[in-house]
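Residue numbers (numbering that gives the first Met the number 0), protein chains in the order written: chain A, 0 to 371; chain B, 0 to 367; chain C, 0 to 256.
One structure below.
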Amino acid sequence: MLTDPDIAILLTGILVGCASALLGPFLILRQNAMLSDAISHAIVFGIMLTWLLTGLVSGPVQILGAGLSGVLCVWLIEALTRTGRIKEDAAIGLVFPALFAAGVLMLNVFARNVHIDVHTVLLGEIGFVWLDTVAVAGIEMPNAVLWMGAVFLVNLVFVMLFWKELKLGTFDPTLAAAFGLHPRLLFYGLLLLTSITAVAAFDAVGAILFIAFIIVPPATAYLLTDRLAWMVGLGMLTSVASVFAGYALAVAWDVSISGMMALMTGAFLMAAITFGPRYGLVPRAWRYRADRERNDVRALMVHLHTHESGSDRAEENVSDALITHLNWPEIRAKTVMRRAVNSGLVLHDGGVLELTDQGRDMARTLLEPWRR
Amino acid sequence: MDLLFDHTLRNAALGAALLGVVSGVIGSFALLRRQSLIGDTLSHATLPGICLGFLIAGGRALGPILLGAVVFGVLAGLAVLALVRATRLKTDAALGIALSLFFALGVVLLTYVQGQAGAAQAGLESFLFGQAAAVLTSDLAVLAPIAAVTLGLTALFWKEFKLASFDPVFARTIGLPVTALETLMTLMVAIAVVIGLQMVGVVLMAAMIIAPAAAARQWSRTLEQMVVLAALIGLASGVIGALLSSTGQGFSTGPLIVLVATGITVVSILVAPGRGVLWQVMQRHHERQQIDAEEVLATFRHLIYEHGDPTYPVERGMLNTYHGRGVSRVIEDLTAQGLIAQASHMDSEGDHWVLTPKGLERSGVADA
Amino acid sequence: MGSPLLHEPDLALHVEDLTVSYNGRPALWDIDIDIPPAVMCAIVGPNGAGKSTLLKSILQLTPPTAGHVTLLGRPYHEMRKRIAYVPQRSSVDWDFPTTALDVVMMGRYGHLGWFRRPGSEVREMAQAALGEVGIADLASRQISQLSGGQQQRVFLARALVQDADIYFLDEPMAGVDATTERVIVGLLHRLRGRGKTIVVVHHDLATVRDYYDWLVLMNVRVVAQGPVEKTMTTEALRAAYGGQIALIEGSVLHAAQ
């Protein structure tokens, strides 16, 4: 059953997505998202080197060997940054292209007859994963499913085992270090797993589309929730949905399956950006309007309170002053005044504005919150 | 001399030279504004533009392809800006999102183009890793004016770019439209990326924005020096890489150019006078030695005062005890400088040293 | 061009009913400030009082929710060339490849206008300004090799070549050595002597009396303003520092009596 093309492709996609969504949230929250870009390029170097040394193009040795090149990449970036001669972003942009370039040159020179080619590097071959199978405990299954499944399990165990350490290490590395939780070691563990996941996913989705899988679904989740556990869960959900939608569209339009899956993560991101209940643009625009009106009323209360007992009261606490002194356009001034009067904060008598007790209370609370 | 008459090679070298100069100049500003990785995002993001340009022109016509690339590069730049401004995502995530999603769109379009019956796909693959040999004379006629305009704009807006890069807040207070200038600089990064697409390819252009500028930064004291040097380093990397790729069989040009540029950068970070890492290590070592020497001389002075004897012979073991470590090397240095000399005190008790007249003067004993 | 009608032209700085929101929350409430010309004025208040926000809003770097600002009777954008600004030292990357003299010359960019390159007269002005802050010999020094105090003096020299009537400084004395602080204060006093108005966001209550003749005490709104002797009272300080009153040293309160 696992060798059925549809099932093999979908299963591989789901495993890539879920394995990535386990790690991505920590990278995003640590503001190290671009390290995944660096790692996913750098593993091309590791994959070529491991192949040259061992002749292996898949399996655990290959995955771990090539995975180390991602860690090497991060270590080089840190070493360069530590010289103080170059900023971190420039160091990232210097190290990974060099490793990637070295990998491509090795490809040019040694690998003309191997199935790793330019195409795989960039696009992956998820459409063909069902061709390359292996029997485990009597069950025929695609190599990709086997190894992606193994990596997913390793990631799952790692994240569950070190959940609270990862959480604290992400939000407050200093405190985590003070507790003896070794946040740096844990961070390198996270990056090693990121590399390993990238290597395992390489055949299926290529080096660059992997970035979409590890960044976009967690970013989507980040726009929907403030809780880390939810972020991981929603990220996985987004991945799985993208895999199904992407596969269907790719088949319908006869285009790259991995490309379409990656692109669909973007569709979910767009939806979250626009309609996310707390951080989405539409709900926020709605609230922003309400906030602005509320702030305008507050500003008026403070203004009236400030000048209430001063000699300039006759000049300041009149409806015209909203336009001449507060510099508001007439329509805005009228709206603010109407809201203030309707809320019982202000009495509008002729041109003069008089604070009610309620309005005065509001101004005082705003100005001297510590007296509350 | 034959090399000069080889059209393919000449075109490749000229194209790479153009790319090197422009990306060095534009990259300098990106580097100083801490926008290095924008080049990475923009270059990956040009892929859908390349495919669309190809589709619309119905073939590998450079004009439409470059136009498409610039448009999508700029769109990606705007997407990054919009994500950072409008959502709670930070710059790093925004860069990664724009990079990977635009690239995914490119991959989808690429497979669509390849699926079209009769569409020659060979032309497009060269945009991934770069193939300088594919540069035609007619391509140069497109690239050279673009490069000239970019460099001209940089010269024209020189002082505005400089101030907006160094101190954008101050620039705003004197009335410079900083946002517009920053947008223009980002647009120019997109143009630099596009000039390099044929030679270096979408994946590796990021390095060409960063490496020449980062190398030049180590050697320069002013922005003027940095930009000129970055242009020269970019030019050298481009030409050397293009020439190297023409010697071997089937070498992609991009990786070679990038490795040359990275090599120059690494060497610069190590050895550049003043800023170089090795330079500083040597400097520190030298300072350390001087401090050690002063400390040992101070010990001599102390012992001389204590014993009221300017020719008091000091034993090696005593010095070691005083300083809590072996000071043999310092003693050798001081002897070599003629500040102390070995004195035969009592053979059985080991080596002794006394201050020479020069040493007495240097340690301040002579003044007292 | 310019406004036909001047609004409060006798005041160097006139802030009227200014409310500024930051990230959707108001950071300044209904600020009214009047500063006469030729004074040296300190803006003082606890952390988070909105001092820097006030400066940014005066310089039109942050748009206000309500209210307006005039300088010598005109809005800021008509007065750019008569105003100088010294941002916080930490606001720029001092590893930028440029020299002290070059940074000072940037102070003239606004007067030069588009496309014109600074010439020898600008260079001479800049050199003279560096002399005035006592670091003429560091003109060709790379800015990354300057000490904190020297960097602050370079920024001050840049403001000098702006040849302004009103100077705004954001915490110029924060984290500089005693010599630099003396140089800065001396220079600002000389400028005041020439009829310039100096407005400084200041963090050290203890030195207010020695350095300034005008004071704006604020905490989200203006608590007190006027000549230092009259304004710096225990009451006003208590009102400005509110819950943080315990943090104010007794000596300062004593000095305020």
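All C-beta atoms, glycine included, are put in the ideal place defined by N, C-alpha and C.
Bear in mind the structure is a predicted one, so any value in this text is a computation, not a measurement.
Tell me which residues of the stretch 158-190 of chain B have at least one Cβ-Cβ distance to chain C shorter than 9 angstroms, keeping chain order. Lys158, Glu159, Lys161, Leu162, Ser164, Phe165, Asp166, Pro167, Val168, Phe169, Ala170, Arg171, Thr172, Ile173, Gly174 and Leu175
Considering only the beta carbon of each residue, do Val207/C and Met231/C sit closer than 8 angstroms? Within the third sequence, residue 207/C is the residue found at index 208, counting from 1. Within the third sequence, residue 231/C is the residue found at index 232, counting from 1. In this structure, Val207/C places its C-beta atom within 8 angstroms of the C-beta atom of Met231/C.
Count the other C-beta atoms from every protein chain shown that fall within 10 angstroms of the C-beta of Phe201/A, then say buried if there are 16 or more, exposed otherwise. On the first sequence, position 202 is the one that residue 201/A refers to. Under this definition Phe201/A is a buried residue.
At the level of alpha carbons, what is the spacing between Arg359/A and Gly26/B? By 1-based counting over the first sequence, the position of residue 359/A is 360. By 1-based counting over the second sequence, the position of residue 26/B is 27. Going from the Cα of Arg359/A to the Cα of Gly26/B covers about 57 angstroms.
Residue from Asp91/B, Ala133/B, Phe53/B and Ile194/B whose Cα sits closest to the Cα of Val148/B: As a working note, residue 148/B is residue 149 in the second sequence. Looking at the Cα atoms, Ile194/B is the closest of the given residues.
Rounded straight-line distance, which links the Cα of Gly234/A to that of Leu75/A: Your numbering for residue 75/A matches position 76 in the first sequence. Your numbering for residue 234/A matches position 235 in the first sequence. Roughly 30 angstroms separates the two Cα atoms.
Between the C-alpha atoms of Ala89/A and Ala189/B, what's the straight-line distance to the nearest angstrom? Numbered from its first residue, the first sequence carries residue 89/A at position 90. Numbered from its first residue, the second sequence carries residue 189/B at position 190. Each residue's Cα considered, the two are about 17 angstroms apart.
Interface residues of chain A around Val219/C at Cβ under 8 angstroms? Sequence index remark: in the third sequence, residue 219/C carries index 220 (1-based). Correct list: Leu366.
How is Leu71/C classed by DSSP in three states: helix, strand or coil? By 1-based counting over the third sequence, the position of residue 71/C is 72. Reduced to three states, the DSSP call for Leu71/C is coil.
So, is the C-beta of Ser2/C closer than 8 angstroms to a C-beta in chain A? Here residue 2/C refers to the residue found at position 3 when the third sequence is read from its first residue. Note that Ser2/C has pLDDT 47, beneath the 50 cutoff, so the model's placement of it is unreliable and the number below is only indicative. It does not: the Cβ of Ser2/C has no partner Cβ on chain A nearer than 8 angstroms.
Are any of the Cβ atoms in chain B nearer than 8 angstroms to that of Gln61/A? Against the first sequence, residue 61/A aligns to sequence position 62. Taking Cβ atoms only, chain B never reaches closer than 8 angstroms to Gln61/A, which makes this a no.
Mind listing which residues of the stretch 219-234 of chain B have their C-beta closer than 8 angstroms to chain C's C-betas, in chain order? Hits within the stretch, in order: Ser219, Arg220, Thr221, Leu222, Gln224 and Met225.
For Lys86/A, which residues from the same chain have a beta carbon less than 8 angstroms from its beta carbon, with the 5 sequence-adjacent residues on both sides left out? Translated into positions along the first sequence, residue 86/A becomes position 87. The residues are Thr80.
Classification of Asp5/B by the beta-carbon crowding that lies within 10 angstroms, buried from 16 upward: The residue given as residue 5/B occupies position 6 in the second sequence. Exposed is the call here.
Once DSSP output is grouped into helix, strand and coil, what is the label at Trp252/A? Counted from its first residue, the first sequence places residue 252/A at position 253. Trp252/A: helix per DSSP, three-state reduction.
Against chain C, does Leu31/B count as a neighbour if the rule is that its beta carbon must be under 8 angstroms from one of theirs? Looking up residue 31/B in the second sequence gives position 32. Chain C, which has a Cβ nearer than 8 angstroms to the Cβ of Leu31/B, makes this yes.
Pull up the DSSP beta-bridge partners for Gly220/C, would you. On the third sequence, position 221 is the one that residue 220/C refers to. The question names Gly, but residue 220/C is Arg in the sequence shown. According to DSSP, which records beta bridges pairwise, Arg220/C is partnered with Asn218/C.
Own chain residues within Cβ distance below 6 angstroms of Ser267/B, not counting five before or after: The count along the second sequence starts at 1 and reaches residue 267/B at position 268. Hits under 6 angstroms: Ala214 and Gln217.
Member of Pro182/A, Leu248/A, Leu268/A and Ile210/A whose CA lies at the smallest distance from the CA of Met259/A: The count along the first sequence starts at 1 and reaches residue 259/A at position 260. When only C-alpha atoms are compared, the closest one is Leu248/A.
For Trp157/B: DSSP bridge partner residues: The residue you call residue 157/B lines up with position 158 of the second sequence. According to DSSP, Trp157/B bridges with nothing at all.
Once the 5 residues before and after His110/C are set aside, which same chain residues still bring their CB inside 7 angstroms of it? The count along the third sequence starts at 1 and reaches residue 110/C at position 111. Same-chain partners within the cutoff: Lys80.
Hey, Val227/C and Leu216/C: beta-carbon distance below 8 angstroms or not? Counting from 1 along the third sequence, the entry for residue 227/C is found at position 228. Counting from 1 along the third sequence, the entry for residue 216/C is found at position 217. Remark: C-beta atoms of Val227/C and Leu216/C do not approach each other more closely than 8 angstroms.
Taking Ile134/C as the reference, which of Asp162/C, Arg116/C, Thr52/C and Arg157/C has the closest Cα? For the purposes of this step, residue 134/C is taken as residue 135 along the third sequence, with counting starting at 1. Comparing Cα positions, the closest option is Arg157/C.
Among Gly83/A, Ile8/A, Leu223/A and Gln61/A, nearest to Val276/B - alpha-carbon criterion: Along the second sequence, read from residue 1 onward, the residue named residue 276/B stands at position 277. Checked all of Gly83/A, Ile8/A, Leu223/A and Gln61/A; the closest Cα to Val276/B is Gly83/A.
Ala65/C: contacting residues in chain A (beta-carbon distance under 7 angstroms): The sequence position of residue 65/C within the third sequence is 66, counting from 1. When 7 angstroms is used as the limit between beta carbons, Ala65/C is near these residues of chain A: Ala298, Leu325, Asn326 and Trp327, in chain order.
Beta strand (DSSP E) containing Trp352/B: first to last residue? Position 353 of the second sequence, counted from the start, is the residue given in the question as residue 352/B. Where Trp352/B is concerned, the enclosing beta strand (DSSP E) stretches over His351 to Leu354.
Any chain B beta carbon closer than 8 angstroms to Ser255/A: Residue mapping note: residue 255/A aligns to position 256 of the first sequence, counting from 1. At least one chain B Cβ lies under 8 angstroms of Ser255/A.
Contact under 8 angstroms by Cβ, Thr64/C with Val19/C: Stepping through the third sequence from its first residue, residue 64/C is reached at position 65. Stepping through the third sequence from its first residue, residue 19/C is reached at position 20. Result yes, Cβ atoms of Thr64/C and Val19/C sit closer than 8 angstroms.
Candidates Leu168/C, Ala11/C, Leu155/C and Thr196/C, of which the one nearest Glu131/C by Cα: The count along the third sequence starts at 1 and reaches residue 131/C at position 132. Comparing Cα-Cα distances from Glu131/C to each of Leu168/C, Ala11/C, Leu155/C and Thr196/C, the minimum goes to Leu155/C.
Could you tell me which uninterrupted alpha helix (DSSP H) segments, each at least 4 residues in length, are contained entirely in the stretch 320-355 of chain A, listed from first to last along the chain? 320-323 and 329-341
With DSSP as the reference, identify every bridge partner of Tyr108/C, one or two as the case may be. The sequence position of residue 108/C within the third sequence is 109, counting from 1. Answer by DSSP bridge pairing: none, since Tyr108/C is not bridged.
Could you check what DSSP says for Leu365/A in three-state terms: helix, strand or coil? The residue labelled residue 365/A in the question sits at position 366 within the first sequence. Leu365/A: helix per DSSP, three-state reduction.
Taking one C-beta from the stretch 94-109 of chain B and one from the stretch 259-277 of chain A each time, how about it: are there three or more such pairs within less than 8 angstroms? yes
Runs of beta strand (DSSP E) wholly within the stretch 283-357 of chain B (minimum 3 residues, chain order): 339-342 and 351-354
Going by Cα to Cα distance, which pick from Pro96/C, Thr178/C and Ile57/C is closest to Ser219/B? What you label residue 219/B is simply residue 220 of the second sequence in a count that begins at 1. When each option's Cα is compared against that of Ser219/B, the closest is Pro96/C.
Kindly indicate the opening and closing residues of the alpha helix (DSSP H) around Met147/A. For this step, residue 147/A is matched to residue 148 along the first sequence. First-last of the alpha helix (DSSP H) with Met147/A: Asn142 to Leu160.
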